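Below is one structure, written out as structure tokens, with a few remarks after it.
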Amino acid sequence: MLEVKNLCKEFNNRPILKDISFTLKDGEIMTIVGPSGAGKTTLLRIIAGLETKDSGEILIDGKPFDSGKVGVVFQEYNLFPNLNVLQNITLAPTLVLKESKEEAEKNAKNLLLRLQMKGREQQYPYELSGGQKQRVAIARALAMKPRILCYDEPTSALDPNLRKEVEKMILNLKQSGLTQLIITHDLHFAENVADQMLKVEPLSEA
Ligand SMILES: Nc1ncnc2c1ncn2[C@@H]1O[C@H](COP(=O)(O)OP(=O)(O)OP(=O)(O)O)[C@@H](O)[C@H]1O
Ligand SMILES: [Mg+2]
């Protein structure tokens with residue numbers, strides 16, 4: 033269970049997030065909606081340990097946790113352009129989790145199979161479509177065995193068919209027990225996948 037309690041964040045004395053609180057149960061999906069500039073990406077970055085908070089608490093199972101437990105799929109995917117698909121996915125598990133190359137590759141191939149990307153192990157990011165890059169980014173995040181996977185606008189760059197595919201994939205991952213946090217501007221998508229929805233409102237200028 034993820035608990036966020038009274039989270040506050042300012043940038044340059046301008047309040048961005050004020051008293052954000054929610055609880056997300058294991059295996060559930062929460063979508064984060066709200067206008068541009070409201071602080072959605074900032075909230076996700078704080079939960080993932082990529083940005084500091086000013087005050088408040090973030091707990092998993094009632095305890096502070098190390099940021100490795102939260103995976104992120106960024107909007108721009110941020111794949112390593114000089115590494116092929118398999119290398120993109122196995123780099124962190126071998127370096128950080130100290131998995132052997134064989135073990136990391138076996139896990140990576142399983143993930144690619146689950147995400148319908150079998151046979152693309154040797155391709156480079158520039159040889160992939162946007163939707164395929166996104167699957168690699170998801171596989172790369174899952175390879176770190178996160179407790180929670182966060183996505184920043186996973187459907188925004190995709191055509192309507194691919195959006196449906198992402199929706200299916202996210203619901204499949206839910207079936208496998210993954211807890212997911214999804215920023216989206218797509219209210220239809222948000223309603224289709226969400227167990228709960230968090231609205232982040234812009235705060236008036238200080
Ligand atoms: N590192 C930073 N330093 C200063 N200000 C920042 C920083 N990161 C974000 N901000 C500001 O915080 C506010 C919230 O930004 P954020 O990226 O969280 O919004 P968002 O809700 O994700 O918007 P969008 O829907 O456009 O992606 C914006 O006003 C932004 O300029
Ligand atoms: Mg954003």
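Numbering-wise (the numbering used here), the sequence shown opens with residue 33 and increments by one. Here a beta-carbon is modelled for each residue, glycine too, at the ideal position from N, C-alpha and C. Fair warning: this is a prediction, and the values are worked out from it, not measured in the lab.
- Using a Cβ distance threshold of 8 Å, residue 85 and residue 41 count as a contacting pair.
- Remark: the C-beta of residue 216 is outside contact range of ligand 1, defined as less than 7 Å to any heavy atom.
- Near ligand 1, residues with a Cβ at less than 5 Å from any of the ligand's heavy atoms are 43, 48, 68, 69, 70, 71, 72, 73, 74; the list follows chain order.
- In the displayed model, residue 211 falls within a strand according to three-state DSSP.
- Looking at the DSSP output, residue 146 shares a beta bridge with no other residue.
- Here residue 47 carries a strand assignment [DSSP, helix/strand/coil].
- As far as DSSP is concerned, residue 81 takes part in no beta bridge.
- For residue 63, the enclosing beta strand (DSSP E) starts and ends at 61-65.
- Rounded to the nearest whole angstrom, the C-alpha separation of residue 111 and residue 228 is 30 Å.
- With respect to the 8 Å criterion, residue 61 and residue 212 are classified as neighbours on the basis of their beta carbons.
- Proximity of the beta carbon of residue 98 to ligand 2 is not indicated: no heavy atom of the ligand is located closer than 7 Å.
- Within a 10 Å sphere around the beta-carbon of residue 128 sit fewer than 16 other beta-carbons, which makes this residue exposed.
- Distances from the CB of residue 51 to the heavy atoms of ligand 2 are all 7 Å or more.
- A distance below 7 Å between beta-carbons, with the five flanking residues on each side excluded, links residue 215 to the following residues of its chain, in chain order: 64, 72, 73, 76, 183, 184, 185.
- Classified as exposed, residue 33 has fewer than 16 neighbouring CB atoms from the shown chains inside 10 Å of its CB.
- Residue state for residue 183 is assigned as strand, using DSSP reduced to three classes.
- Unbroken alpha helix (DSSP H) runs of no fewer than 4 residues, entirely contained in the stretch 96-158, are found at 117-127, 133-146, following chain order.
- Straight-line spacing of the CA atoms in residue 171 and residue 116 works out to 13 Å.
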